[in-house]
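Notes follow the structure.
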Amino acid sequence: MLNVRLPVFFFTLLVTLGADVRNCACDVAKPETLEARECGLCKVAELQPADVFLFLLKDNNPRKPNRWLALPRAHYPGDHPLREMPLEQRTRLWTAAIGKANELWGDSWGLAINGDEQRTQCHAHIHIGKLLDNVETGNFAIVTSAAEIPLPANNTGLWVHPVLGKLHVHTGEQITESNLLR
Ligand SMILES: [Zn+2]
Ligand SMILES: [Zn+2]
72 MLNVRLPVFF FTLLVTLGAD VRNCACDVAK PETLEARECG LCKVAELQPA
122 DVFLFLLKDN NPRKPNRWLA LPRAHYPGDH PLREMPLEQR TRLWTAAIGK
172 ANELWGDSWG LAINGDEQRT QCHAHIHIGK LLDNVETGNF AIVTSAAEIP
222 LPANNTGLWV HPVLGKLHVH TGEQITESNL LR
């Protein structure tokens with residue numbers, strides 16, 4: 072019995088430790104810190120031209136062939152919370168993500184930020200993808216522009232999709248990218 076249970080326990084522990092960014096220590100001034108797995112996107116950001124504010128990246132996970140990401144060039148402390156970005160910068164990031172989403176999927180897109188307990192990368196990033204069918208819930212706010220998209224609250228994530236020319240913002244959830252085509 073022990074033989075079966077132990078590997079499962081350790082696997083669960085590894086997955087749990089890997090999917091949490093609440094102890095991020097990525098610091099570009101200390102390159103050795105960027106070797107941590109959760110700092111991978113910080114390294115990618117450092118490869119971008121110094122004068123860009125944001126960049127779009129095709130997800131390199133072979134299990135997510137349809138996914139893109141929108142990311143700021145800059146780093147923010149710890150888990151790079153969006154609240155560290157001034158509203159004007161956040162709006163630019165959301166606007167770029169919406170633009171790419173539109174280009175890829177017309178009005179069938181969704182954007183998602185996972186909650187801190189589910190994120191595996193410290194660097195701020197918005198997932199861009201096709202919204203899956205039948206994921207709609209009744210728990211959303213309606214906004215009319217990127218500038219009105221609220222900050223995630225209490226370490227949760229949020230997901231956004233267009234409805235009749237406006238935006239649904241779904242808040243208070245940890246796992247949000249599962250609403251998007253992989
Ligand atoms: Zn970073
Ligand atoms: Zn909705």
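My numbering numbers the first residue of the sequence shown as 72 and each following residue consecutively. Positions of the beta carbon are idealized from the N, C-alpha and C atoms, including for glycine.
Practice item. Quick one: grab the DSSP three-state call for Ile169. Key: One-based indexing of the sequence shown puts residue 169 at position 98. Residue state, collapsed to three classes: helix.
Check your understanding: With 16 other CB atoms within 10 Å as the buried threshold, where does Leu229 fall?
Key -> In the sequence shown, residue 229 corresponds to position 158, counting from 1. Buried.
Practice item. Using beta-carbon positions only, say whether His151 and Ala107 come within less than 8 angstroms of one another. Key: For the purposes of this step, residue 151 is taken as the residue at position 80 of the sequence shown. For the purposes of this step, residue 107 is taken as the residue at position 36 of the sequence shown. Their beta carbons are not under 8 angstroms apart, which means His151 does not touch Ala107 by this criterion.
Practice item. Output the residue ranges of the beta strand (DSSP E) runs that lie fully inside the stretch 96 to 136 and measure 3 residues or longer, sorted by chain position. Key: 125 to 129
Check your understanding: I think Ile197 touches Leu140, with their Cβ atoms under 8 angstroms apart; what is that distance to the nearest whole Å?
Key -> Indexing the sequence shown from 1 puts residue 197 at position 126. Indexing the sequence shown from 1 puts residue 140 at position 69. Right, their Cβ atoms sit about 7 angstroms apart.
Point to revise | Close-in-space but distant-in-sequence residues of the same chain around Cys193 (CB under 8 angstroms, 5 per side omitted) | key: Taking the sequence shown and counting its residues from 1, one reaches residue 193 at position 122. Excluding sequence neighbours, Cys193 sits near Val92, Cys95, Cys97, Glu109, Cys110, Leu112, Cys113, Gly149, Asp150 and His151.
Point to revise | Residues sharing a beta bridge with Pro233, DSSP | key: Counting from one through the sequence shown, the residue named residue 233 turns up at place 162. According to DSSP, which records beta bridges pairwise, Pro233 is partnered with Leu238.
Check your understanding: Relative to ligand 2, what is the chain-ordered list of residues with a Cβ closer than 5 angstroms to any of its non-hydrogen atoms?
Key -> Glu207, Phe211 and His239
**Study point:** Inter-residue spacing [alpha-carbon to alpha-carbon] between Thr191 and Leu235
**Key:** As a position in the sequence shown, residue 191 is number 120, starting the count at 1. As a position in the sequence shown, residue 235 is number 164, starting the count at 1. Cα to Cα, Thr191 sits roughly 33 angstroms from Leu235.
Check your understanding: With distances taken from CA atoms, which of Ala218, Glu174, Leu105 and Ser179 is nearest Met156?
Key -> One-based indexing of the sequence shown puts residue 156 at position 85. The shortest Cα separation from Met156 among Ala218, Glu174, Leu105 and Ser179 belongs to Ala218.
Review point. How would the residue list near ligand 1 read, in chain order, if you kept each one whose beta-carbon is closer than 5 angstroms to any heavy atom?
Key: Cys113, His146 and His194
Review point. How many angstroms separate the CA atom of Asp262 from the CA atom of Leu203?
Key: For the chain, the structure presents residues 72 to 253; residue 262 sits outside this window and is missing.
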